[in-house]
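Report on the structure given below.
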Amino acid sequence: MNVTPWEVEGVIDYSKLIEEFGMQPFSEVLHEIENPHILMRRGAIFGQRDYWRIVKAMKGKEPWAVMSGFMPSGLPHFGHKMTMDEIVWHQKAGGKAFVAIADMEAHSVRGMAWEKTREFGLLYIRSIIALGLEEDAIIYFQSKSPHVKDLAFELSVEVNFSELRAIYGFNSDTSLAKMFITAVQAADILHPQLSDFGGPKPVVVPVGADQDPHMRLTRDLAARASIFSFEPIEGGLRVRSRKGKEYLEKIKEIGFERKVYEEHIDIFGDSREIERAVREIEVEIGGFAFIPPSSTYHRFTTGLTGGKMSSSKPESYISLLDSPEEGAKKVMKAFTGGRATAEEQRRLGGEPEKCVVFELYSYHLIEKDEELRQIEADCREGRMLCGKCKKMAAEMVRNFLKEHQEKMDAVDLGKYTIIG
Ligand code: TRP
Ligand code: SF4
């Protein structure tokens, strides 16, 4: 398997991906979440980093944010719908929502004309609003956000070519823009923590697993761009300054028990309290004090025709803008986990875990667990054959698309903050 932000190939083994990338399984935090989304409960979201920060912020009613982005290089489809649903869920759970339209990325990496990125971008915006995004979200086009562009430049100070080569496999043919776009995405993710947006806070970034290299870079940059760094010690935290010893002066008077050394200060007490107090001082003296962003990772959406979903193969995915008829037709042609003959299927049962139609039910079409369990059992025990099952799914897709598109048309963009 090969998973990078620019390419996903092969059969994906998600436990291996967790190990290779150094993520944490989502199951570790699931039980801490009140009313988890079906994508969480049903295993579509399989990995995370530092999601505990979000859990703590939700429970403690402290400010936190959710942010993710969409590359407007084609029509939004059910893969994007996962990210959209995740943003909306987190917003309803109390996070401030930020939505990026990655037009700089689409223009530089995919060669899309600016007018096209705008046209597609607005479809993503209408879609996420139709899916329930509320008005206090901040929606922006990368190319129109001075905060993001300035921060990208600032962050790029901290990145050199060897690092980009190691993370992304870039080489001497890679364009400067494709390299720079990594800093732009890092800025997308960190800018909700700028003082203009209320200062440092936990931010969760729901993404597909291919975006993890960006998360790793961004988490490193969050630390490198900030003045103070933290290291756990017995009974507290060791605090260092990355930008010169003189900054340590600023925290000498901090209201905790402490030991001052030449190169660092050891501060004793509750680590979270210490971190918070030090970050507050950093913000006062003009530093970023970024908290490393958290993330969740969802599975890749399987293409309807078996292989991976590809925007260059329209029959491989259902777009949120396909006509309801077209969408239903695509479901009828989808690969299933059924057997070669009806006789065999009655005898052996189907394999829902291998079935694209079941994935649609599970991640998008069926809310009620009871209903989903029934379909799964009927499939496994050979009581239901694929023809009938697909018809039912096709009908649901038809209704979903019809409703979704009506909602999209009814969206009043004027009620939203859209930078672009
Ligand atoms: N690179 C992402 C993609 O290809 C889109 C994106 C841009 C993004 N900025 C982001 C995702 C910030 C998460 C956070 O889909
Ligand atoms: Fe998939 Fe339904 Fe066929 Fe089972 S019966 S394999 S869930 S289409």
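In terms of the UniProt record's numbering, the sequence shown opens at residue 1 and continues consecutively. The beta-carbon is built from N, C-alpha and C at its ideal position, and this holds for glycine as well.
By the Cβ neighbour-count rule, Pro232 is exposed, with fewer than 16 other Cβ atoms within 10 Å of its own. When Arg240, Arg272, Ser73, Gly287 are compared, the shortest CA-CA separation from Ala225 is found for Gly287. Assignment of Asn2 by DSSP, reduced to helix, strand and coil, places it in the strand class.
At a cut-off of 4 residues, the continuous stretches assigned as alpha helix (DSSP H) that sit fully inside the segment 146-200 are 146-156, 161-168, 176-190.
The C-beta of Leu401 has 16 or more other C-beta atoms within 10 Å across all chains shown, which makes the residue buried.
Annotated as proximal: Ile281 and Lys250, with beta-carbon spacing under 7 Å. Measuring C-alpha to C-alpha distances from Gly198 to each of Phe230, Lys329, Ser172, Gly95 identifies Gly95 as the nearest.
Closer than 6 Å to some heavy atom of the ligand TRP: that describes the Cβ of Val207. Shown here for Arg238: same chain residues with a beta carbon closer than 6 Å to its own, the five before and five after excluded, namely Glu231, His264, Asp266 in chain order. Residue pairing by DSSP puts Val8 in a beta bridge opposite Val3. Shown here, Leu237 sits in a strand according to DSSP, grouped into three states. Residues of the same chain with a CB within less than 6 Å of the CB of Met215, apart from the 5 flanking positions on each side, are Ser295 in chain order.
Distance from the Cα of Arg347 is smallest, within the candidate group Gly382, Glu359, Glu325, for Gly382. The straight-line gap separating the alpha-carbon atoms of Lys407 and Gly22 is approximately 40 Å. Positions of the beta strand (DSSP E) runs, each at least 3 residues long and wholly inside the segment 277-322, are given as 294-298 in order along the chain. Per DSSP, Lys250 has no beta-bridge partner at all.
The closest heavy atom of the ligand SF4 lies 6 Å or more from the beta carbon of Thr301.
For His364, the secondary structure class from DSSP, reduced to helix, strand or coil, is helix. Judged by their CB atoms, Ala186 and Leu221 are nearer to each other than the 7 Å cut-off. Between Pro192 and Val203, the C-beta gap is smaller than 7 Å, which places the two residues in contact. Asp188 has its CB nearer than 6 Å to a heavy atom of the ligand TRP.
The criterion of a C-beta distance shorter than 7 Å is not satisfied by Ser143 and Pro76. Boundaries of the alpha helix (DSSP H) harbouring His107: 103-109, taken from the DSSP string. The criterion of a C-beta distance shorter than 7 Å is not satisfied by Gly337 and Gly327. The secondary-structure analysis by DSSP pairs Pro206 across a beta bridge with Thr296. Contact annotation: the segment 28-37 does not touch the segment 64-71, with fewer than three C-beta pairs closer than 8 Å.
Below 8 Å, enough C-beta pairs join the segment 388-399 and the segment 357-365 to call them touching: three or more. For Thr336, the shortest C-beta to heavy atom distance toward the ligand SF4 is below 6 Å.
Counting C-beta pairs with one atom in each stretch, the segment 146-156 and the segment 105-113 have fewer than three that are closer than 8 Å, which means they do not touch. Burial state of Gly306 is exposed, judged by a 10 Å Cβ sphere holding fewer than 16 other Cβ atoms. Each residue's CA atom was taken as its position, placing Tyr14 and Asp210 some 11 Å apart. Residue state for Tyr261 is assigned as coil, using DSSP reduced to three classes. For the pair Val207 and Arg53, the Cα-to-Cα distance works out to about 17 Å. Here Ala342 is exposed. Its C-beta has fewer than 16 other C-beta atoms within 10 Å. Excluding the 5 residues flanking it on each side, Leu372 has same chain C-beta neighbours closer than 7 Å at Tyr361, Ser362, Ile366, in chain order.
A Cβ-Cβ distance of about 7 Å is found for the pair Gln24 and Gly47, placing them in contact under the 8 Å criterion.
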